[in-house]
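J.: Read top to bottom, the protein sequences are chains A and B. Numbering of the first sequence is given in the working numbering, commencing with residue 738 and proceeding in unit increments. Numbering of the second sequence is given in the working numbering, commencing with residue 7 and proceeding in unit increments. Pasting a structure here, questions to come.
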Amino acid sequence: MKEEFKVISKFIEEKSRVLDVGCGDGILMEYLSKNKVVDVRGLEISKEKVKKCLSKGLAVIEGDAENDLKQFPDLSFDYVILSQTLQAFMSPEKVIENLLRVGKKVIVTIPNFGHWKVRLDLLLKGEMPVTKNLPYQWYNTPNLHMCTIQDFYNFCNNKGINIYKTISLNGEKISNILNSNLKYKNLISELGIFLLEK
Amino acid sequence: MGNLNKMKSILIEKTLKLDCGKEISNFPLAYETYGNLNEKKDNAILIFHALTGDQYASGINPITKKEGWWNYAVGPGKSFDTDKFFVICANVIGGCMGSYGPGTIDPLTNKPIGTNFPVITINDMVNAQYNLLDYFKIEKLFAVAGGSMGGMQVLQFVSNFPNKARVALPIACTASHSAQNIAFNELGRQAIMSDSNWKEGLYDEKSTNPDKGLAVARMAAHITYLSKQGLQEKFGRNLQERSDLKFGFDADFQIESYLRYQGSVFVDRFDANSYLYITRAMDYFDLTKQFNGNLSKAFKDTKTKFFIISFTSDWLYPTSENKDIVIALNAIGADVGFVEIKTDKGHDSFLLDVPDFLSTIKNYLNTTYSNINERRI
């Protein structure tokens, strides 16, 4: 399982209710239901991936976060997870609002556009960055709203969203992001994992 | 319809109060089973048939000598794997394959009951079939499943008996029959009732039946089971065994010939009055209204795992109506999975060889069954 999922699952307490938005093949869902005895649901846009999840007996519904989150009642989950999909939405702001409405706690992972390799691509080559976590060309990328860890930090502060914990992931290296090291971590982290609460 | 004595059937002695207010008792319910019930009796699946189905879901139907209506899905190694599961399927009341229906002979008159048969509902059908659990001494079914009207029965069953099935698979169905669906059913009923042989429903099966009306009803309904794209690809404007138009009203086009054939074979196996009663039951189905406009309440406190499936080209029971069920279940935090299967085969997709559909059900059931068993140990 990916390092990112290991970090996310550490955030999650046993016997809680979890919604994995954009659950993909259901790898994290499977891990959580087996190892944390959580009651876990998934939402996924790709038919192929939904079929894979259902084949594993997982409670996954086909749908997208921008239209289908509204069917879940307020605070109906202990945790809502959004892993590396925020940048693909038409309106990330509304999605975050909805996640915070549905979940008591929200875990958001963002691919960091502030990573030094990304910055260097643009600075030296003058080309849109293509990296491991952002493997698309500018003309076929599903990512509409890229942001940096710093951007997301500012966004939460402006919106009055509480950030409980932020983890930096660089390869397999896991570290805490604090106010004091934010500028530095924004340069070296490939992913930022945020634990949020309204 | 002959061969009736070979049929398996239970006699339901206790009184069933129907939604129309009438009571019935001592009535037959014909059923068939596939696979074996295990010692723990935890591997039973009750399958509900659609409008024109019957209890012969798999193998060869002994009456029609044709393949069972869900032969693609039910059988050894198939979606509902009869090497593993014990599949039960009953003919609905109101039907014409051995269960109590308008074709049942009234011992007082020695004639079919006809339109003296009470109007029944999906709820009545489900309540009658619940007796099968007692008969087989099954405390809890592993699953209930069905497509179209079978899916409506799944929803009604789980609502009536919230703790009697671990898994529910409503496929290509709705919680509330739409105006469009009622309209198509009415078209079929009018075709039957305007056949002079119908005689207010008191025709004697042995003499002349309203076959023409029933055939037209079937032809019209059959169009609604297919998609425009599917029809176009299969038939297009192809001509039937002729090189030119004949400037008459014979079946010039293959699609005409196909529909006429569908109508003609249908009347051999189906009773016109049953068609009236069962379509009426579908029209009356409105689970949302049963719970005062809040479908979620139909499934309050349910522990059942739901898996809802719709098809992209199904315009009779479109994805949006299936999704309404998903939404109602999510509103109460029920365990629900949902996928829309991509196919151009229309509403009929659930009866056909649609590999994605068949394999997803198979994997879902097998995994869920072993997960439940693991947790119990």
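Using N, Cα and C, we set each Cβ at its ideal position, and we do this for glycine too.
Could you work out which residue in B:V273, B:V345, B:Y264 is closest to I229 (chain B) when comparing CA atoms only?
T.: When only C-alpha atoms are compared, the closest one is B:Y264.
J.: Can you give me the Cβ contacts of S184 (chain B) inside the same chain, cut-off strictly under 8 Å, excluding the 5 residues immediately before and after it?
T.: Result list for S184 (chain B): E327, in chain order.
J.: Which whole runs of the beta strand (DSSP E) in the stretch 803–876 of chain A are 3 residues long or more, in chain order?
T.: For the stretch 803–876 of chain A, whole beta strand (DSSP E) runs of length 3 or above, ordered along the chain, are 814–820, 840–848.
J.: DSSP three-state call for E346 (chain B): helix, strand or coil?
T.: Residue state, collapsed to three classes: strand.
J.: Would you mind stating whether F313 (chain B) and G153 (chain B) have Cβ atoms separated by less than 8 Å?
T.: The answer is no: Cβ separation not under 8 Å.
J.: Flag Y370 (chain B) as yes if its beta-carbon sits less than 8 Å from any beta-carbon of chain A, otherwise no.
T.: With 8 Å as the cut-off, Y370 (chain B) counts as an interface residue toward chain A.
J.: Does the beta-carbon of S926 (chain A), which I'm using as the reference point, lie nearer than 7 Å to any heavy atom of the ligand PLP?
T.: Summarising the ligand content, the structure contains no ligands, and the ligand PLP is consequently not present.
J.: Starting from the C-beta of F291 (chain B), find all residues in its chain whose C-beta is less than 6 Å away, skip the five residues before and the five after it, and write them out in chain order.
T.: Within the same chain, F291 (chain B) has close Cβ partners I128, M158, H183.
J.: Could you please tell me which residues of the stretch 792–811 of chain A, in chain order, have their CB closer than 8 Å to any CB of chain B?
T.: Answer in chain order: S792, K793, G794, L795, A796, V797, I798, E799, G800, Q808, F809, P810.
J.: Under a three-way DSSP split, which group does D757 (chain A) fall into?
T.: Note: D757 (chain A) maps to strand in three-state DSSP.
J.: How would you label V774 (chain A), buried or exposed, when you count the other beta carbons within 10 angstroms and need 16 or more for buried?
T.: With fewer than 16 Cβ atoms within 10 Å of its Cβ, V774 (chain A) is classed as exposed.
J.: Let me check one thing: in DSSP terms, what residues is N22 (chain B) bridge-paired to?
T.: In the sequence on display, residue 22 (chain B) carries Leu and not Asn. The partner list for L22 (chain B) (beta bridge, DSSP) reads B:I30.
J.: Taking A1 (chain B) as part of the alpha helix (DSSP H), name the residues at either end of that continuous run.
T.: Nothing in the structure corresponds to residue 1 (chain B), since chain B is present only between 7 and 383.
J.: According to DSSP, is P108 (chain B) part of a helix, a strand, or is it coil?
T.: Here P108 (chain B) sits in coil by DSSP.
J.: Is there at least one Cβ from chain B nearer than 8 Å to V867 (chain A)'s Cβ?
T.: No, V867 (chain A) lies away from the interface with chain B (no Cβ there is under 8 Å from its Cβ).
J.: With C-beta atoms as the reference, is D815 (chain A) less than 8 Å away from K842 (chain A)?
T.: Going by C-beta atoms, D815 (chain A) is nearer than 8 Å to K842 (chain A).
J.: Take the Cβ of F889 (chain A) as the centre, count every other Cβ of all protein chains shown within 10 Å, and call the residue buried at 16 or more, exposed below.
T.: It counts as buried.
J.: So that I know if they touch, is there some Cβ in chain A lying closer than 8 Å to that of I383 (chain B)?
T.: Reliability fails at I383 (chain B), whose pLDDT of 47 lies under 50, so the model's placement of it is uncertain and the value that follows must be treated cautiously. By this cut-off, I383 (chain B) is not an interface position.
J.: Which residue comes first and which comes last in the alpha helix (DSSP H) that contains K784 (chain A)?
T.: That run of the alpha helix (DSSP H) goes 784–792.
J.: Hey, out of B:S365, B:D341, B:T318, B:T110, whose CA is closest to S233 (chain B)'s CA?
T.: Checked all of B:S365, B:D341, B:T318, B:T110; the closest Cα to S233 (chain B) is B:T318.
J.: Could you check the C-alpha separation between Q874 (chain A) and L857 (chain A) for me, to the nearest Å?
T.: Distance between the alpha carbons of Q874 (chain A) and L857 (chain A) is about 16 Å.
J.: So, under 8 Å CB-CB, N929 (chain A) and I886 (chain A) are touching, yes? Tell me the CB distance rounded to an integer number of Å.
T.: With the sequence shown as reference, residue 929 (chain A) is identified as Gly, and Asn is not the correct amino acid for it. With 8 Å as the limit, G929 (chain A) and I886 (chain A) qualify as a contact, their Cβ atoms being about 4 Å apart.
J.: Classify G254 (chain B): buried if its beta carbon has 16 or more other beta carbons within 10 angstroms, exposed otherwise.
T.: With fewer than 16 Cβ atoms within 10 Å of its Cβ, G254 (chain B) is classed as exposed.
J.: Taking the runs of the alpha helix (DSSP H) that are 4 residues or longer, which of them lie wholly in the stretch 147–215 of chain B?
T.: Whole alpha helix (DSSP H) segments, 4+ residues: 155–166, 185–199.
J.: Compare the C-beta of A337 (chain B) against all C-beta atoms of chain A and say whether one is closer than 8 Å.
T.: Yes, A337 (chain B) counts as interfacial toward chain A.
J.: Applying a beta-carbon distance threshold of less than 8 Å, which residues of chain B neighbour S813 (chain A)?
T.: The answer, in chain order, is G339.
J.: The alpha helix (DSSP H) that contains K46 (chain B), what's its start and end?
T.: Taken as a continuous stretch (DSSP letters only), K46 (chain B) belongs to no alpha helix (DSSP H), as it is neither H nor E.
J.: Of all the CB atoms in chain A, is at least one closer than 8 Å to the CB of I99 (chain B)?
T.: So, not an interface residue.
J.: Cα-Cα, which of A:S746, A:R754, A:E799, A:K752 is closest to D762 (chain A)?
T.: The residue with the shortest Cα to Cα distance from D762 (chain A) is A:E799.
J.: Tell me whether the beta-carbon of P118 (chain B) lies closer than 8 Å to the beta-carbon of D210 (chain B).
T.: In contact: P118 (chain B) and D210 (chain B) (Cβ atoms closer than 8 Å).
J.: Residues in the same chain with beta-carbon distance under 6 Å from L756 (chain A), minus the five sequence neighbours each way, listed in chain order, please.
T.: Answer for L756 (chain A): R778, F814, V817, listed in chain order.
J.: The alpha helix (DSSP H) spanning N336 (chain B) covers which residue range?
T.: Looking at the DSSP string, the run of the alpha helix (DSSP H) that includes N336 (chain B) is 325–336.
J.: Give me, in chain order, the residues of the same chain whose beta-carbon lies closer than 8 Å to that of I383 (chain B); leave out the 5 immediate sequence neighbours on both sides.
T.: For I383 (chain B), the predicted structure reports a pLDDT of 47, less than 50, and the residue's modelled location is therefore unreliable. The matter cannot be settled from this model.
J.: Quick one: grab the DSSP three-state call for P745 (chain A).
T.: Inspection of the sequence shows that residue 745 (chain A) is occupied by Ile rather than by Pro. If DSSP states are grouped into helix, strand and coil, I745 (chain A) belongs with the helices.
J.: So, is the C-beta of V787 (chain A) closer than 8 Å to a C-beta in chain B?
T.: Chain B contact via Cβ: present.
J.: In this structure, does DSSP put S770 (chain A) in helix, strand or coil?
T.: Residue state, collapsed to three classes: helix.
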